[in-house]
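Numbering (the numbering used here), first residue to last: 6 to 375.
To keep things clear, I will list the structure first and then write my remarks on it.
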């Protein structure tokens with residue numbers, strides 16, 4: 006009898022340990038007895054990478070606060086063909102629009118930002134592009150930090166990448182440059198499967214067109230101009246995102262990693278004053294509403310809420326241009342005029358051509374014979 010009771014106690018204790026660390030949690034499930042070393046605001050494209058890398062050290066506890074829902078079970082985020090369903094209006098998008106744009110005749114345009122675990126990597130149209138080496142070298146020059154140069158960044162691109170075969174397993178020799186890709190990372194990248202006959206005709210035409218339309222073996226070599234084979238974040242017909250890659254089941258099982266979804270952060274709170282004030286507390290609430298809660302990081306708060314979300318939270322917190330903050334009734338705590346300024350982006354333009362051709366009627370051989 007004693008053995009049965011002991012076995013039952015052990016089983017119940019094991020069950021409690023399992024339930025006390027669910028893979029994804031809601032705000033109400035955030036454990037109060039744990040002191041988090043790091044609190045990451047935003048479980049998006051970058052935030053999940055940071056969470057993964059920090060929790061490689063089992064001596065630190067990490068909490069991720071993601072405003073959107075889990076990506077698990079969202080079919081449109083899994084099947085690449087359904088990607089357009091994730092754009093505005095959508096519960097998986099923040100549904101932003103820009104101010105009127107002078108270059109677009111004064112029109113505002115939609116500005117998609119992912120509102121889901123994985124951020125925009127869970128909602129974008131899956132094109133894998135690193136940009137131009139010239140841009141990165143310019144960043145290095147402006148910041149005087151060679152860590153931003155193309156040669157310094159490229160190893161990290163390769164480290165994050167897991168080059169994968171296309172869905173149809175066709176021979177991809179001559180369709181990409183393996184020397185600029187990684188094969189042991191977490192984010193799957195592949196070429197499109199099942200090419201159509203016109204694809205190769207377009208590639209063949211590049212030898213005649215030349216100049217800006219010349220053949221480009223690999224857009225992600227740092228030289229993106231030209232025509233070539235597109236690369237996408239797809240493996241076995243399924244989207245690869247920061248959520249599926251860096252928060253894969255084997256990583257979510259780490260006992261020092263907690264990922265809370267539907268947790269919308271309003272601001273960071275000042276925890277020390279003086280010449281170099283610290284902001285180690287985070288104010289947040291359930292995305293659908295509810296009372297405000299706070300959590301404090303023992304070491305650092307990492308603000309990774311995206312291009313729009315990060316400056317929004319900073320300014321809500323009193324960090325930004327003091328004059329602007331006063332106008333909207335926010336008490337300035339740190340005067341940083343550059344917060345929320347100098348955003349540059351590139352719109353996507355799709356060009357469509359209608360190809361026409363005339364078909365000659367078949368020759369009437371009988372008529373010719375007559």
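Beta carbons: idealized from backbone N, C-alpha and C, even for Gly.
Could you say which of the options lies nearest to residue i if we only look at CA atoms?
| i | options | result |
| --- | --- | --- |
| residue 244 | 131, 57, 75 | 131 |
| residue 103 | 74, 356, 358, 352 | 352 |
| residue 249 | 305, 123, 178 | 123 |
| residue 74 | 95, 86, 87 | 95 |
| residue 292 | 71, 62, 35, 52 | 71 |
| residue 33 | 247, 55, 298 | 298 |
| residue 78 | 115, 188, 159, 127 | 127 |
| residue 120 | 173, 100, 36, 163 | 100 |
| residue 36 | 359, 321, 301, 334 | 301 |
What's the gap between the Cα of residue i and the Cα of residue j?
| i | j | result |
| --- | --- | --- |
| residue 137 | residue 336 | 40 angstroms |
| residue 148 | residue 315 | 20 angstroms |
| residue 210 | residue 268 | 51 angstroms |
| residue 68 | residue 129 | 25 angstroms |
| residue 350 | residue 116 | 10 angstroms |
| residue 188 | residue 105 | 43 angstroms |
| residue 219 | residue 154 | 26 angstroms |
| residue 46 | residue 31 | 15 angstroms |
| residue 175 | residue 56 | 36 angstroms |
| residue 144 | residue 309 | 20 angstroms |
| residue 150 | residue 294 | 42 angstroms |
| residue 307 | residue 180 | 39 angstroms |
| residue 201 | residue 208 | 12 angstroms |
| residue 356 | residue 344 | 35 angstroms |
| residue 114 | residue 354 | 12 angstroms |
| residue 360 | residue 159 | 40 angstroms |
| residue 140 | residue 110 | 28 angstroms |
Would residue i and residue j be called neighbours here (beta carbons separated by less than 9 angstroms)?
| i | j | result |
| --- | --- | --- |
| residue 266 | residue 288 | no |
| residue 169 | residue 191 | no |
| residue 167 | residue 228 | no |
| residue 261 | residue 60 | yes |
| residue 135 | residue 221 | no |
| residue 246 | residue 50 | yes |
| residue 285 | residue 276 | yes |
| residue 236 | residue 223 | yes |
| residue 333 | residue 323 | no |
| residue 232 | residue 253 | no |
Are there 16 or more other CB atoms within 10 angstroms of the CB of residue i, so buried, or fewer, so exposed?
| i | result |
| --- | --- |
| residue 203 | exposed |
| residue 98 | buried |
| residue 255 | exposed |
| residue 319 | buried |
Starting from the C-beta of residue i, find all residues in its chain whose C-beta is less than 8 angstroms away, skip the five residues before and the five after it, and write them out in chain order.
| i | result |
| --- | --- |
| residue 84 | 242, 243, 244 |
| residue 87 | 80, 81 |
Only counting the same chain, and skipping five residues up and downstream in sequence, which positions put a Cβ closer than 6 angstroms to that of residue i?
| i | result |
| --- | --- |
| residue 29 | 75, 264, 266 |
| residue 183 | none |
| residue 42 | 65, 66, 303, 304 |
| residue 173 | 198, 199 |
I'd like the list of long-range same chain contacts for residue i, defined as Cβ closer than 7 angstroms, with 5 residues on each side in sequence excluded.
| i | result |
| --- | --- |
| residue 312 | 348 |
| residue 171 | 177, 195, 196, 197, 198 |
| residue 90 | 81 |
| residue 157 | 151 |
| residue 230 | 217, 221 |
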